[in-house]
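Just below is one structure, and these are the notes that go with it.
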């Protein structure tokens with residue numbers, strides 16, 4: 001790669017471009033106004049407020065209410081510790097724990113015995129029931145024969161993979177060390193033979209694919225219960241591809257696992273953040289709104305789903321405690337985002353049935369497709385990418401070499417291309433806002449480059465994209481006029497329901513909003529995050545939410561200000577920028593309409609707080 005002409009050109013161009021501004025008039029003008037602004041800003045209440053770190057976590061934890069809840073938790077913790085001592089005597093539990101600790105050390109021959117027993121018994125079940133040999137039994141038998149011939153462990157197979165070694169090392173598994181010993185005993189082989197035969201016998205009542213799915217699910221649930229961190233990493237990688245209830249179930253299981261560890265492990269310390277109290281207050285307000293909702297049953301379901309996603313905040317703050325875990329989390333999410341973007345780009349190239357559903361085809365005749373990828377809606381996909389793109393920027397900015405930065409530009413380019421193909425104007429504006437914030441806080445020398453790219457973009461951007469962007473605010477576009485009418489109708493509705501709200505969810509909104517709708521336009525939500533929270537949860541809901549945002553940005557800006565360049569600062573800046581851009585999009589759409597995006601919002605709140613804590617810890621140690 002070092003000899004690449006393209007790479008050499010890019011590096012030289014970047015260095016020359018940056019150098020030409022150092023002594024230029026533009027640079028002097030920029031520094032002049034920046035210094036004036038900085039002197040005036042330092043005296044303002046706004047800047048002094050946001051650059052002073054909040055310290056709410058200790059105050060809340062020392063309050064009488066917190067001490068009361070802590071006493072209750074300690075009581076239940078003693079009960080759980082007693083139950084754990086009893087369970088530790090269980091042979092089944094000890095077997096599961098042993099398998100979890102040694103899954104990479106067991107010889108593949110042992111897994112082959114499991115499949116062999118399964119295939120033989122399954123074939124016998126088919127013969128007894130009068131059927132013929134199944135393809136699944138044949139495939140299992142062939143695969144088992146291959147595994148039985150191999151007398152190596154999984155750790156020995158993957159010992160040369162740098163990525164897998166790093167991931168496993170975080171979970172306490174040293175593949176280099178494990179690869180030296182392959183643990184295989186006759187008893188272990190007999191147990192796996194018995195389990196395989198049992199699974200094969202179950203196929204007399206349950207289809208074999210369901211049996212395999214149940215085995216995988218059991219292993220996954222066991223792994224999450226043993227180590228709750230496993231659950232949150234699985235969620236981070238798979239939530240764009242899973243249905244909402246599957247994600248919610250896995251999140252609930254992970255939270256239960258964390259509570260169990262908190263109860264029985266006296267060495268596990270719960271991480272407190274400045275947002276904890278606001279998350280809990282918002283959940284309380286939402287519960288009250290659900291109880292008083294016009295569609296109580298529907299609102300309570302929404303509340304329970306949101307509550308589970310809020311649990312994700314506390315799971316992440318107790319998982320990501322250092323740079324290594326922060327990097328691993330972003331790595332997993334980046335790989336997942338690249339797959340989402342590739343699928344979106346595929347939809348743009350080859351098209352799909354609902355591609356023009358969200359477009360005014362009379363006004364935008366040149367837009368053939370608005371991609372949705374795995375999210376079913378281009379605006380929702382745009383919101384996902386809006387949060388992810390700044391996070392991926394943190395990889396680019398902190399690569400050790402410029403060559404690595406160019407390589408890291410590939411996922412960033414794929415996500416950016418997919419964002420363009422959503423044709424979501426609100427998300428485009430949010431991304432511009434995020435880019436301005438990121439560059440302003442992290443590396444101001446790129447401001448002029450950004451301005452030039454924006455000014456030159458109409459020269460190389462397709463006309464469909466330029467037309468779409470220039471249509472922002474054009475009320476002749478049905479999408480724009482549709483939103484404006486809905487905002488007016490929602491504001492009219494709020495005159496009667498501003499105090500308690502109408503309750504969370506589309507069912508409550510659809511019951512009340514049509515009575516206030518302008519031009520008889522009916523909608524499932526208000527197309528504005530802030531109006532939606534106010535309409536659903538009343539004045540208390542929006543006040544708690546705004547207080548949460550103020551403390552969040554006060555926490556992050558105070559940590560970023562004056563900090564040295566590092567991966568933690570890049571992540572902190574990127575997450576701040578991404579969430580700010582997301583909130584800009586919230587002006588134009590209800591960004592909480594999709595439940596997975598709601599979960600992602602609380603995950604990013606947690607990741608930002610983790611970045612702040614890691615950044616402050618690093619600055620204190622320097």
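Residue numbers (full-length UniProt numbering): 1 to 622. Here a beta-carbon is modelled for each residue, glycine too, at the ideal position from N, C-alpha and C.
Closest option to residue 535, judged by alpha-carbon separation, among 497, 286, 242: 497. Pairing residue 432 with residue 581, the inter-Cα distance amounts to about 8 Å. Measuring C-alpha to C-alpha distances from residue 414 to each of 351, 374, 490, 335 identifies 335 as the nearest. In the DSSP annotation of this structure, the continuous segment of the alpha helix (DSSP H) that includes residue 428 starts and ends at 425–442.
When only Cα atoms are considered, residue 544 and residue 556 end up about 18 Å apart. One alpha carbon belongs to residue 294, the other to residue 532, and they sit about 15 Å apart. As the crow flies, the alpha-carbon of residue 190 is around 18 Å from that of residue 104. Per DSSP, the continuous alpha helix (DSSP H) segment holding residue 155 begins and ends at 154–157. For residue 112, the closest C-alpha among the options 588, 195, 546 is that of 195. Contact between the region 255–263 and the region 288–303 is absent: fewer than three C-beta pairs spanning the two stretches fall below 8 Å. Boundaries of the alpha helix (DSSP H) around residue 186: 186–202.
For residue 566, the three-state secondary structure derived from DSSP is coil. The bridge partners DSSP lists for residue 234 come to none. When the alpha-carbon of residue 281 is set against those of 270, 541, 375, the nearest one is in 541. For residue 107, DSSP records a beta bridge to 153. A buried status is given to residue 589, since no fewer than 16 other beta-carbon atoms sit within 10 Å of its beta-carbon. Remark: C-beta atoms of residue 352 and residue 312 do not approach each other more closely than 9 Å. Under a 10 Å Cβ-count criterion, residue 101 is classified as exposed, with fewer than 16 other Cβ atoms of the shown protein chains found around its own Cβ. A residue is called buried once 16 or more other Cβ atoms fall within 10 Å of its Cβ, and residue 246, having fewer, is exposed. Taking C-alpha positions only, residue 559 is separated from residue 552 by approximately 11 Å. Rounded to whole angstroms, the Cβ separation of residue 136 and residue 208 is 5 Å, and the two are in contact under 8 Å. Separation of residue 575 and residue 277 (C-alpha to C-alpha, rounded to the nearest whole angstrom) is 21 Å. When 257, 199, 396 are compared, the shortest CA-CA separation from residue 227 is found for 257.
Exclusion of the five residues before and after residue 378 leaves 358, 370, 371, 372, 422, 423, 424 as the residues of its chain whose Cβ lies within less than 7 Å of its Cβ.
A straight line joining the alpha-carbon of residue 374 with that of residue 86 spans about 45 Å. No Cβ-Cβ contact shorter than 9 Å links residue 600 with residue 253. Segment contact: the region 516–533 against the region 484–500, three or more CB-CB distances shorter than 8 Å; contact assigned. The beta carbons of residue 417 and residue 392 sit no closer together than 9 Å.
By the Cβ-count criterion, residue 109 is buried, with 16 or more other Cβ atoms from all chains shown falling within 10 Å of its own Cβ. At least 9 Å separates the beta-carbon of residue 381 from that of residue 396. Less than 9 Å divides the Cβ of residue 121 from the Cβ of residue 199. With fewer than 16 neighbouring CB atoms inside 10 Å of its own CB, residue 216 falls in the exposed class. Annotation: the continuous alpha helix (DSSP H) that includes residue 382 extends over 378–397. Cα atoms of residue 322 and residue 274: separation of roughly 18 Å, rounded to the nearest angstrom. Contact annotation: residue 587 and residue 494 have beta-carbon atoms that are not nearer than 9 Å. DSSP places residue 536 inside the alpha helix (DSSP H), whose first and last residues are 529–560.
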